[in-house]
Structures are given as C-alpha cells and as structure tokens.
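Note that this note's numbering has the sequence shown beginning at 7, numbered continuously upward.
Everything below concerns the one structure shown next.
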Amino acid sequence: ASVQASRDERMHESAILRALGASKTLIQKMLLIEYITMGIIAGLLASAGAEILLGVLQTRLFDLPLQWHWELWVMAPLSGALLIGFAGWWFNRRVMQAPPLRTLRQI
C-alpha cells in the first residue's frame with residue numbers, strides 16, 4: 007500500500023533529482039534499494055511476530071519445548087525483499103518516464 011500511495015511524491019522527488027543532474031539509473035537504484043530495505047524490515051518484523059506467536063502456542067497450548075525456527079528468519083526477509091522490491095519497481099515504472107519539467111510544473 008505504501009508503495010502505491012507514495013508514487014506522486016516519488017515523481018516529484020525524482021524530477022528534482024533529475025533537474026539537479028542525477029541520472030535515471032541512479033534514481034532507479036535508489037528506489038530499488040529503498041524498497042528492498044522496506045521488504046527486509048517487513049520480513050524481520052513478520053518473523054519476530056510469527057516466532058512469538060509460535061512460541062506461545064508451543065509452550066502454552068501444546069506443552070512442547072520452545073523451538074527456534076531459523077528457516078522463518080531466512081525466508082521472510084528474503085521473500086519480503088523480493089516481493090516489495092518487485093512491487094516497488096512495478097508501480098513506479100512511470101516515475102522515470104515523466105519529463106522533469108512537466109512534473110515540476112504540475113506542483
């Protein structure tokens with residue numbers, strides 16, 4: 007949701023950066039790094055929440071010993087980085103296509 011909601015803001019930022027001389031490649035890399043970082047953070051938060059919930063279920067409901075799920079801590083950040091990185095790229099393809107002057111005049 008935040009990827010799609012911030013598209014107008016990103017168009018404005020990229021227009022300013024391009025007017026100041028930044029290349030399209032640099033701006034695309036910056037956006038991709040931002041979205042991948044958001045995906046990793048989302049995956050880590052999801053892992054922490056799932057691990058806490060699983061720990062409560064294991065110890066309180068099923069009377070099992072507490073077990074660490076390392077696969078969850080690897081797969082969730084990787085999946086988050088891939089999915090949010092792709093979604094960010096997909097929804098912000100138009101950001102780089104708009105001419106900077108036209109974008110800045112719309113403000």
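Just so it is clear, CB atoms sit at the ideal spot from N, CA and C, and this is done for glycine as well.
Quick caveat, the model's predicted, so the values are computed rather than measured.
Three-state secondary structure assigned by DSSP to residue i
i	result
G55	helix
S20	helix
G112	At residue 112 the sequence reads Gln, which differs from the Gly that was named. Q112 falls in the coil class under three-state DSSP.
G45	helix
P71	coil
S85	helix
Q64	helix
Q34	helix
Integer-rounded CB distance, given that residue j should sit under 8 Å from residue i
i	j	result
P83	L50	5 Å
L23	W95	So it is not a contact: roughly 17 Å between Cβ atoms.
P105	A25	The pair is not a contact, with the Cβ atoms about 10 Å apart (cut-off 8 Å).
Cutoff 6 Å; reference residue i; Cβ partners in own chain excluding five residues on either side
i	result
I90	Y41, M44 and G45
A30	Note that residue 30 is Lys in the sequence shown here, rather than Ala. Hits under 6 Å: M102.
Test item: CB-CB of residue i and residue j under 8 Å
i	j	result
W74	S53	no
A28	L110	no
T65	L59	no
V101	M36	no
G86	A48	yes
Residues near residue i in its chain [Cβ-Cβ closer than 8 Å; skip 5 each side]
i	result
F92	none
L88	G45
7 Å Cβ shell around residue i - same chain, five flanking residues per side excluded
i	result
D14	none
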